[in-house]
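Number of protein chains: 2
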Amino acid sequence: MAKTPDASRRSDRSRRAILDAALALVGEAGYDKLTIEAIAARAGVGKQTIYRWWPSKAAVLLDASLALAGDAESEGGWEGFPDTGDLAADLKHVLRATVDQFNDAKYEAPARALTAAGATDPALGAEFTAKLLEPQLALYEARLRSAREAGQLAEDTDLRLAVEMLVGPLTYRWLLRTAPLTHAFADALVDRVLGGIAKVA
Amino acid sequence: MAKTPDASRRSDRSRRAILDAALALVGEAGYDKLTIEAIAARAGVGKQTIYRWWPSKAAVLLDASLALAGDAESEGGWEGFPDTGDLAADLKHVLRATVDQFNDAKYEAPARALTAAGATDPALGAEFTAKLLEPQLALYEARLRSAREAGQLAEDTDLRLAVEMLVGPLTYRWLLRTAPLTHAFADALVDRVLGGIAKVA
Chain A
1 MAKTPDASRR
11 SDRSRRAILD
21 AALALVGEAG
31 YDKLTIEAIA
41 ARAGVGKQTI
51 YRWWPSKAAV
61 LLDASLALAG
71 DAESEGGWEG
81 FPDTGDLAAD
91 LKHVLRATVD
101 QFNDAKYEAP
111 ARALTAAGAT
121 DPALGAEFTA
131 KLLEPQLALY
141 EARLRSAREA
151 GQLAEDTDLR
161 LAVEMLVGPL
171 TYRWLLRTAP
181 LTHAFADALV
191 DRVLGGIAKV
201 A
Chain B
1 MAKTPDASRR
11 SDRSRRAILD
21 AALALVGEAG
31 YDKLTIEAIA
41 ARAGVGKQTI
51 YRWWPSKAAV
61 LLDASLALAG
71 DAESEGGWEG
81 FPDTGDLAAD
91 LKHVLRATVD
101 QFNDAKYEAP
111 ARALTAAGAT
121 DPALGAEFTA
131 KLLEPQLALY
141 EARLRSAREA
151 GQLAEDTDLR
161 LAVEMLVGPL
171 TYRWLLRTAP
181 LTHAFADALV
191 DRVLGGIAKV
201 A
């Protein structure tokens, strides 16, 4: 039997309350102390409601992070990866925005929690990478493909390698806190990566 | 009162047994299930012996990883970061060895455990980065400085950025399992990074 519109609305509301509770709690107490019980209490639902939709706290947090990424896109008026024809400017624009997100506690806490959990749990890590990371990497790859087609990159450029040369150092500096994560770093990284992959005349 | 030689030898033996037990257990059961109790039982020492030397399981694992890194250097006959004058060859040599370590379960389990724990625990992360990572990054930086002095890199090359362009993508692919971590990847990465930082004639 199909759900009534009211039941469906209630269900959406509970779902969103659960995801918001998971994000708030992971920011306050950290992933290790995050429990389904605490999420349920904060969201004002029963534990069974959560277990009906998600098998684990990691699964809740992954969906919460996907929802957060979706919010960021609609709030920021995201209209897709920019393609102005100026590859360096487009990459700097996106990498600077990523720096801002990594430095924003709202995004940082769940991102660190998921990265940490996925690092030691291969199944969760694979899901995290497939659902949250790969769609983002695909946007970079498409932009680089367009640049390659425009003759701005060497014809034999390995696009996946090029993408990881951009996001890898940024993620590394963020995760391991080896040095401050700034716009200047994002800009310099883009310039140095392009020096390596741009076709030399 | 100074320890007798026998007491000192027993103490060294206990210390090594504890570190070995921590490495074995983190590989078998994972970091979340690692406990001081289990380490003590495996090492054949009392819990208090461990607490006398280390404040937490993370501290034990960090020292165990430092000991493991030291072993790898002496076993591998490590004579410092190579400096043959051929920068690309030297970097490929070291990055390939790092790929092999990341793909070796003996190193991988504790490295994943420490990276994950440090990602969400800033104090532990800072210690991990300072004690285990920074000494390695300093070796890369010294090699790149030598290349810069030899006129092989642009004079304004930011050495720290260059180091992170090498280790960042490698660590990213390892940690997030976005693609296979191979020697071919290490070689291509070095070639592309150098294309970016080598002085163009």
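Just so you know, the protein sequences line up as chains A and B, in that order. Going by UniProt numbering, 49 is the number at position 49 of the first sequence; the sequence numbering is gapless. Going by UniProt numbering, 101 is the number at position 101 of the second sequence; the sequence numbering is gapless. Yeah, the Cβ is synthetic: ideal placement off N, Cα and C, and Gly gets one too.
Distance, residue j Cα to residue i Cα
i	j	result
B:LEU95	B:ASP187	8 Å
A:ARG112	A:ARG13	26 Å
B:ASP121	B:ALA21	23 Å
A:PHE185	B:LEU161	8 Å
A:PRO180	A:ARG173	8 Å
A:VAL167	B:GLU164	11 Å
B:ARG10	B:TYR31	28 Å
B:ILE39	A:TYR140	45 Å
A:THR171	A:GLY80	21 Å
A:ALA183	A:GLY85	It is His, not Ala, that sits at residue 183 of chain A in the sequence shown. So the two alpha carbons sit approximately 21 Å from each other.
Partner residues on chain D for residue i, Cβ-Cβ distance less than 8 Å
i	result
B:THR120	The structure shown has no chain D; the protein chains it does contain are A and B.
Interface flag, residue i vs chain B, CB-CB below 8 Å
i	result
A:VAL60	no
A:ARG192	yes
A:GLY195	yes
A:ASP158	yes
A:ILE18	no
Cutoff 8 Å; reference residue i; Cβ partners in own chain excluding five residues on either side
i	result
A:LEU194	LEU87, ALA88 and LEU91
B:ASP63	LEU19 and TRP54
B:TYR51	ILE36
B:GLY27	ALA105, LYS106, ALA109 and PRO110
B:LEU34	ALA22, LEU25, VAL26, LYS57, LEU61 and ALA113
B:HIS93	PRO82
Cutoff 8 Å: residue i Cβ touching any chain A Cβ
i	result
B:LEU95	no
B:THR35	no
B:THR129	yes
First and last residue of the uninterrupted alpha helix (DSSP H) at residue i
i	result
A:GLN136	134–149
B:GLY195	183–197
residue 206 of chain A	Lying before the first or after the last residue shown, residue 206 of chain A is absent from chain A, which here runs from 1 to 201.
A:GLU57	First, the residue type needs correcting, since residue 57 of chain A is Lys and not Glu in the sequence shown. 57–75 is the extent of the alpha helix (DSSP H) around A:LYS57.
residue 244 of chain A	For chain A, the structure presents residues 1 to 201; residue 244 of chain A sits outside this window and is missing.
A:GLN48	47–53
B:GLN101	87–102
Same chain only: Cβ atoms within 6 Å of residue i, ignoring 5 sequence neighbours per side
i	result
B:ARG148	THR157
B:ALA58	ALA117 and LEU124
Cut-off 7 Å between Cβ atoms - residues of its own chain near residue i, not counting five sequence neighbours on either side
i	result
B:LEU66	LYS131 and LEU132
Residue i Cβ short of 7 Å to the ligand ZN heavy atom set
i	result
B:TYR51	Summarising the ligand content, the structure contains no ligands, and the ligand ZN is consequently not present.
Listed from N- to C-terminal order along the chain, which residues in the segment 160–178 of chain B have their beta-carbon within a distance smaller than 8 Å of any beta-carbon of chain A? ARG160, LEU161, ALA162, GLU164, MET165, VAL167, GLY168, PRO169, LEU170, THR171, TYR172, ARG173, LEU175, LEU176, ARG177 and THR178
Taking only beta carbons into account, state which residues of the segment 125–156 of chain A come closer than 9 Å to chain B, listed in chain order. GLY125, ALA126, PHE128, THR129, LEU133, GLU134, LEU137 and ALA154
Could you list the residues in the segment 178–189 of chain B with a C-beta less than 9 Å from some C-beta on chain A, going in chain order? Answer set for the segment 178–189 of chain B: THR178, ALA179, PHE185, ALA188 and LEU189.
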